[in-house]
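Novice: Protein chains in written order, with the working numbering: chain A, 14 to 408; chain B, 719 to 1340.
The structure's right below; bear with me while I get my questions together.
Here is the structure:
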């Protein structure tokens, strides 16, 4: 057994010697285990009673159930994972889309950790050079002002590149928001339901009338998309409808992309309200009622009934998704905690007075502390607690 | 034969021992100082200088508290230099090269003149102990000296072994016996000893150097004394600089097997910041040359210290290396370089009062506690001496925070962190470096010196006036407005090369520009009346402003934590996030405030923050 990783068939018995199950035991001797400690995995038959009895027997023998995230916490404590990797274990087990899983996998494998450590190393070297010029100036180590400023620029570039992935990270984690807007009776809900039926739904539509917002979560091109159906953009005196319109405009303003529906048999264009910068996918709906071309330039004819225009819509949505989740070129998108720390480091480096070496050292030291926070190396206990308390699963 | 009891026995009369004994005696204690040889009081066995960057900060602080080292260096000094003078006040490092013999003579005279202080020649071979801890020492001639507190400042003498090339022999310093039995006694008391190593370069004969091949290096134009007790100091000598030629690499590499450092004879850990020349050649082969400073060791001696060529290579190799250096081809050796290995007491075993936690009555200071350098030793010795007196009076020990002074950083680092090499002070060790410059040492610590009875009150008032003047000028700089009218613009351009574009205060302008302070002094209200140094302090600190404010906020936060009380019923074991070690320390020691909790070993800033959060939320943990 001590060579490890050799499965054995074992008989499990409880404290009174009564057999529970024939099980396969797989030992992972330290340090070649997930936590870096001696671990043993038991594979029992899938009966809930057998699982329960096995756990009871283990507890009777002095064991206890792991606390949420405990195995990962131990892996961090034993140096098997760093904090950045450990965070992604949580995301990996909670991943709902291909993009989320890919991003979490890359982070667990350490590619984000490597970028952060590279930054940490660069800042540490920079600080070491500065400190040497302050503490050993009599040993002819002058303050290399130009070199220091150039190195600061390199660190800043790296930080900016990492920060640029934050938006993509948020899109992958929280989803790309697409709102369907248009006048009442323009076929918004029909399109919404068609899309929900057509794409893989992560979360089915929430209950609610169209006066409110109806949302569904879909996976399009491997990315989570939050699709929103909204109230018709009509002038109305009904306070409930007015509230619905207000929300519709709000959803359009906050969405990453807007699908505008305008019935093929109507003239003019709808007033979508304040929509700035987001891509607008414009569709002449109910095209089966009004056969002919796409209508005015920039509009595409769409019919949920005949399927006309649906492929264009699908391509347009994929286009939106890939534009929002930019190609990171092998980078892993950072999460909110990372963004906060990196913003801190960036501000320190940008604001620092690099004409004066002791002030440059001050700025680099503070920036380095921010980066070290990423790895939980500052105020370790607090950060570890914060990170690990968000774990809701056993590993 | 048993002496009448002393308040304090100090074992060793080096830099730590002298400060400990002098401070305690001046505070009114009855002190015995035991030294192997009266002639070696306050000896400088290595470099002939006091101060430097970080070390000079310690000397300035010690002086503000009433210590002697800076004062003695002023009197024995033969060349004064402010290191980092071109930079801001936080990193100025005063350094005085000293006449070694004179330094010893001055310090010995002070000790002899102090009432209540007795110098005893002899070797301490054992400690007197009872159930309550250490209660004095036993000398080799059988004498017993009883004291409430015993301070060990034995330097490199505990189990000392000197290495020079193939030769190793017991010794504490060149020509002096080591102390053999004492180490075993300490281990018997349960103290953990570790082995450290240090080294010293050869000494050459001044008249044998070819001065015309060396570059002369003088002191500062306006030499600055360390001490508030000193009015004026003078440069008396020049030093010399040369560089090692590339061919010494071959000489050293061919003989590395004869170096005790590389042959495995020396097991102790040496300081990385003070490498021997053989270390430098091996670790930095890309450096073709190494600078060598030739520093005369006094006015009445021919001895020259070869700074940069510390070595324990065999004598013949040392000679070959030195003779290869330009200007040293005919150099006569007065003494060869050597390395010394010695036992030190792992400093995690003492509290911040420098008393062994498990051995009451026994305090340690200086190299025996794992430091390196005369300045670190003196600072620790002073604190140990002061605290011994205070303990005797039933008063709280003086414990200086790391945000208050380098002396606080020194004690904190030694007691709370692990050390793999002799500890030397650097400014980079201080988180609040910008606040801890020598410019503010007196403002930070002199009042404490007065309270201890070691600084005369009228001197405090003189200094107080000086920093008040600086403050006044600073306010004036903030308040004076400069408008970019034609006349002002022209004046500024001519006087200081400043282009004024938008209205600004003088302070605002000086924060953004590098300006020769002396050129503008006349134009600025009050600035012209300050001394040159005070001018540069006022203007230099302007530039630090934003960071200083941030440091002060952080310090305030830490200090507030210190006033948080911990109730007797508080149960640390239910506080999430505390390591088991911390919980155990809290349970065992039952600190009454966070300030006390902070002094426990293993206590991290994070643990204090967690505790503070918990205590601030009320009695949950009770």
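C-beta atoms are modelled at their ideal positions from N, C-alpha and C, and glycine is treated no differently.
For clarity, every value in this text was computed on a predicted model and none was experimentally measured.
Rounded to the nearest angstrom, what separates residue 1124 (chain B) and residue 1118 (chain B) at their Cα positions?
Specialist: Here residue 1124 (chain B) refers to the residue found at position 406 when the second chain is read from its first residue. Here residue 1118 (chain B) refers to the residue found at position 400 when the second chain is read from its first residue. Taking the straight line joining both Cα atoms gives about 9 Å.
Novice: Whose C-alpha, out of A:293, A:356 and A:140, is nearest the C-alpha of residue 326 (chain A)?
Specialist: On the first chain, residue 326 (chain A) is found 313 positions in, with the first residue counted as 1. Considering only alpha carbons, the answer is A:293.
Novice: So residue 936 (chain B) contacts chain A; which residues on that side make the cut at Cβ distance below 8 Å?
Specialist: Here residue 936 (chain B) corresponds to residue number 218 of the second chain, with the count starting at 1. Simply none; closest approach about 14 Å.
Novice: Using a Cβ-Cβ cutoff of 7 Å, what residues of the segment 64-97 of chain A are near chain B? List them in chain order.
Specialist: Against chain B - using a Cβ distance shorter than 7 Å - the segment 64-97 of chain A contributes no residues.
Novice: With a threshold of 7 Å, establish whether the CB of residue 1011 (chain B) neighbours any heavy atom of the ligand FMN.
Specialist: The ligand content of the structure shown is nil, which means the ligand FMN is not present either.
Novice: Terminal residues of the continuous alpha helix (DSSP H) containing residue 177 (chain A)?
Specialist: The residue given as residue 177 (chain A) occupies position 164 in the first chain. Residue 177 (chain A) -> alpha helix (DSSP H) spans 158-187.
Novice: For a cutoff of 8 Å on Cβ pairs, would you count residue 370 (chain A) as touching chain B?
Specialist: For the purposes of this step, residue 370 (chain A) is taken as residue 357 along the first chain, with counting starting at 1. Output row for residue 370 (chain A): interface = yes.
Novice: Using a C-beta to C-beta distance shorter than 8 Å, which residues of chain B count as neighbours of residue 147 (chain A)?
Specialist: Residue numbering aside, residue 147 (chain A) sits at position 134 when the first chain is read from its first letter. By Cβ distance, chain B contributes 771, 802, 805, 809, 1145 and 1146.
Novice: Report the three-state DSSP secondary structure of residue 223 (chain A) (helix, strand or coil).
Specialist: For this step, residue 223 (chain A) is matched to residue 210 along the first chain. Low per-residue confidence applies at residue 223 (chain A): pLDDT is 49, beneath 50, and the placement is therefore not dependable, though the value from the model is reported in the following sentence. Residue state, collapsed to three classes: coil.
Novice: Taking the C-alpha atoms as reference points, what is the distance between residue 1204 (chain B) and residue 1220 (chain B)?
Specialist: Locating residue 1204 (chain B) in the second chain gives position 486, counting from the first residue. Locating residue 1220 (chain B) in the second chain gives position 502, counting from the first residue. Cα to Cα, the separation comes out at about 12 Å.
Novice: Please go through the same chain and pick out, in chain order, the residues whose beta-carbon is closer than 8 Å to the beta-carbon of residue 251 (chain A), but skip the five residues on each side of it.
Specialist: The residue you call residue 251 (chain A) lines up with position 238 of the first chain. Answer for residue 251 (chain A): no residue qualifies.
Novice: Count the other CB atoms within 10 Å of the CB of residue 1002 (chain B); is the residue buried (16 or more) or exposed (fewer)?
Specialist: Your numbering for residue 1002 (chain B) matches position 284 in the second chain. It counts as exposed.
Novice: Which residues of chain C have a Cβ atom closer than 8 Å to the Cβ of residue 1232 (chain B), listed in chain order?
Specialist: Structure shown: chain C not included; protein chains present are A and B.
Novice: With DSSP run on the structure shown, which of helix, strand or coil describes residue 276 (chain A)?
Specialist: By 1-based counting over the first chain, the position of residue 276 (chain A) is 263. Strand at residue 276 (chain A).
Novice: Pop quiz: residue 105 (chain A) and residue 381 (chain A) are said to be a contact at Cβ under 8 Å. What is the actual Cβ separation, rounded to whole angstroms?
Specialist: In the first chain, counting from the first residue as 1, residue 105 (chain A) sits at position 92. In the first chain, counting from the first residue as 1, residue 381 (chain A) sits at position 368. About 29 Å separates the two Cβ atoms, so there is no contact after all.
Novice: Which runs of the alpha helix (DSSP H) spanning at least 4 residues fall entirely within the segment 67-134 of chain A, listed in chain order?
Specialist: Qualifying alpha helix (DSSP H) stretches, in chain order: 83-90, 96-107 and 111-121.
Novice: Can you tell which of B:1032, B:1180 and B:750 has its C-alpha closest to the C-alpha of residue 842 (chain B)?
Specialist: Locating residue 842 (chain B) in the second chain gives position 124, counting from the first residue. If we check each option's Cα against that of residue 842 (chain B), B:750 comes out closest.
Novice: Candidates A:270, A:269 and A:244: which alpha carbon is nearest residue 259 (chain A)'s?
Specialist: As a position in the first chain, residue 259 (chain A) is number 246, starting the count at 1. Residue A:244 is the option with its Cα nearest to residue 259 (chain A).
Novice: Leaving out five residues on either side along the sequence, give the residues of the same chain with a beta carbon under 6 Å from the beta carbon of residue 94 (chain A).
Specialist: Along the first chain, one-based indexing puts residue 94 (chain A) at 81. Counting only Cβ-Cβ distances below 6 Å, and skipping sequence neighbours, we find 88.
Novice: List the DSSP bridge partners of residue 1059 (chain B).
Specialist: The residue you call residue 1059 (chain B) lines up with position 341 of the second chain. For residue 1059 (chain B), which the question treats as bridged, DSSP gives the partners B:879 and B:915.
Novice: Checking 8 Å against the spacing of the C-beta atoms, do residue 194 (chain A) and residue 271 (chain A) come in under that value?
Specialist: As a working mapping, residue 194 (chain A) is identified with position 181 in the first chain. As a working mapping, residue 271 (chain A) is identified with position 258 in the first chain. Yes, these two residues count as a Cβ contact at 8 Å.
Novice: Using a C-beta cutoff of 8 Å, does residue 363 (chain A) count as contacting chain B?
Specialist: Indexing the first chain from 1 puts residue 363 (chain A) at position 350. False, the Cβ-Cβ gap to chain B never drops below 8 Å.
Novice: Note down, in chain order, each residue of its chain lying with its Cβ closer than 7 Å to the Cβ of residue 738 (chain B), except the 5 sequence neighbours on either side.
Specialist: Position 20 of the second chain, counting from 1, holds the residue named residue 738 (chain B). Around residue 738 (chain B): 728, 869, 871, 1083, 1099, 1100, 1102 and 1103.
Novice: Can you give me, in chain order, the residues of the segment 1024-1043 of chain B that have a beta carbon less than 8 Å from any beta carbon in chain A?
Specialist: Flagged: no residues at all.
Novice: Spatial neighbours of residue 322 (chain A) within its chain, please: C-beta separation below 6 Å, excluding the five flanking residues on both sides.
Specialist: The count along the first chain starts at 1 and reaches residue 322 (chain A) at position 309. The answer, listed in chain order, is 313, 314 and 315.
Novice: Of all the CB atoms in chain B, is at least one closer than 8 Å to the CB of residue 223 (chain A)?
Specialist: As a working note, residue 223 (chain A) is residue 210 in the first chain. Below a pLDDT of 50, predicted positions are generally treated as unreliable, and residue 223 (chain A), at 49, falls in that range; the measurement from the model is reported next regardless. Chain B, which has no Cβ nearer than 8 Å to the Cβ of residue 223 (chain A), makes this no.
Novice: Using 8 Å as the Cβ pair cut-off and three pairs as the minimum, do the segment 1041-1048 of chain B and the segment 955-968 of chain B touch?
Specialist: Enough Cβ pairs lie closer than 8 Å, so yes.
Novice: Please go through the segment 1033-1086 of chain B and give each complete beta strand (DSSP E) segment of 3 or more residues, from N-terminal end onward.
Specialist: Runs of the beta strand (DSSP E) inside the segment 1033-1086 of chain B: 1051-1053, 1056-1063 and 1080-1082.
Novice: Please identify the residue among B:731, B:1009, B:1024 and B:1077 whose C-alpha is closest to the C-alpha of residue 838 (chain B).
Specialist: The residue labelled residue 838 (chain B) in the question sits at position 120 within the second chain. Of the candidates B:731, B:1009, B:1024 and B:1077, the one whose C-alpha sits nearest the C-alpha of residue 838 (chain B) is B:731.
Novice: Compare the beta carbon distance of residue 1031 (chain B) and residue 883 (chain B) with 8 Å and say whether it is the shorter of the two.
Specialist: Residue numbering aside, residue 1031 (chain B) sits at position 313 when the second chain is read from its first letter. Residue numbering aside, residue 883 (chain B) sits at position 165 when the second chain is read from its first letter. Against a cut-off of 8 Å, the Cβ pair of residue 883 (chain B) and residue 1031 (chain B) comes out as a contact.
Novice: Who are the Cβ neighbours of residue 747 (chain B) in its own chain at under 6 Å, not counting the five residues just before and after it?
Specialist: In the second chain, counting from the first residue as 1, residue 747 (chain B) sits at position 29. So the list reads 725, 726 and 1107, once near-sequence residues are dropped.
Novice: What are the uninterrupted segments assigned as beta strand (DSSP E) that are 3 or more residues long and contained completely in the segment 798-879 of chain B, given in chain order?
Specialist: Counting only runs of 3 or more, we get 811-816, 835-839, 842-848, 851-857 and 862-870.
Novice: Which residues, in chain order, does the segment 1130-1162 of chain B contribute to contact with chain A at a C-beta distance below 8 Å?
Specialist: Correct list: 1144, 1145, 1146, 1151 and 1152.
Novice: Using a Cβ-Cβ distance under 8 Å, would residue 54 (chain A) count as near chain B?
Specialist: Numbered from its first residue, the first chain carries residue 54 (chain A) at position 41. No - not a single Cβ of chain B is within 8 Å of the one on residue 54 (chain A).
Novice: Using a Cβ-Cβ cut-off of 8 Å (strictly less than) and excluding sequence neighbours within five positions of residue 171 (chain A), which residues of its own chain qualify?
Specialist: As a first step, residue 171 (chain A) must be located in the first chain, where it is residue number 158. For residue 171 (chain A), where only same-chain residues beyond five positions count, the Cβ hits under 8 Å are 128, 131, 132 and 135.
Novice: Quickly, what does DSSP pair residue 192 (chain A) with across the bridge? List them, please.
Specialist: If you number the first chain from 1, residue 192 (chain A) lands on position 179. According to DSSP, which records beta bridges pairwise, residue 192 (chain A) is partnered with A:241 and A:271.
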